[in-house]
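Shown next, in structure tokens, is the structure this report addresses.
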Amino acid sequence: MSKEFLGRGWKFPIEVDESTGRIKQSEHEDDIAEAIRIIIWTGKGERLMRPDFGCGIDRYLFESNDDTTLRLIEAEVEEAIRMWEPRVHEIEVQAERDANDEEKLLIHVKYEVRSTNNLFNQVYPFYLYEGSN
Numbered sequence: 172m173s174k175e176f177l178g179r180g181w182k183f184p185i186e187v188d189e190s191t192g193r194i195k196q197s198e199h200e201d202d203i204a205e206a207i208r209i210i211i212w213t214g215k216g217e218r219l220m221r222p223d224f225g226c227g228i229d230r231y232l233f234e235s236n237d238d239t240t241l242r243l244i245e246a247e248v249e250e251a252i253r254m255w256e257p258r259v260h261e262i263e264v265q266a267e268r269d270a271n272d273e274e275k276l277l278i279h280v281k282y283e284v285r286s287t288n289n290l291f292n293q294v295y296p297f298y299l300y301e302g303s304n
């Protein structure tokens with residue numbers, strides 16, 4: 172079964188294919204995973220032509236590492252993915268403290284690709300105090 176309908180885009184971060192001199196492409200489920208990563212790490216207002224694009228988790232830098240912050244981050248991430256990535260549904264987001272680093276949260280994102288019903292899980296580290304390891 173062809174997955175062409177899932178799309179193709181520039182690989183992120185942008186890389187040049189040394190053999191062809193062209194921008195490397197990301198396809199299918201990899202393209203979706205990269206799109207979600209871009210959504211999460213782009214702050215609202217960061218893109219001039221689309222000021223509402225992205226996720227506002229950067230505003231939680233320097234917040235306390237408590238349950239309220241975790242729930243707010245979960246809601247922010249889930250809302251952004253629902254808004255900006257139409258190729259997925261059944262989105263679940265869970266933020267938890269990293270057992271080895273009190274300044275780091277782990278944001279677990281689980282989603283299903285609409286057209287294939289394939290399930291995927293991604294984990295994104297988020298440092299509450301910028302500049303941590």
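For the sequence shown, the working numbering gives the first residue as 172, with consecutive numbering after it. Even glycine gets a Cβ: it sits at the ideal position worked out from N, Cα and C.
DSSP three-state call for Ala270: helix, strand or coil? coil
Taking only three categories from DSSP, how would you classify Asn231? First, the residue type needs correcting, since residue 231 is Tyr and not Asn in the sequence shown. Residue state, collapsed to three classes: helix.
Counting C-beta neighbours from all protein chains within 10 Å, is the total for Val284 16 or more, i.e. buried, or is it exposed? buried
What three-state label does DSSP hand Ile185 in the structure shown? Under the three-state reduction of DSSP output, Ile185 falls in the coil class, being neither helix nor strand.
Simplified DSSP assignment, three categories, for Leu219: coil
Can you give the Cα-Cα distance for Glu274 and Tyr298, rounded to whole angstroms? If I take the Cα positions, the gap works out to 6 Å.
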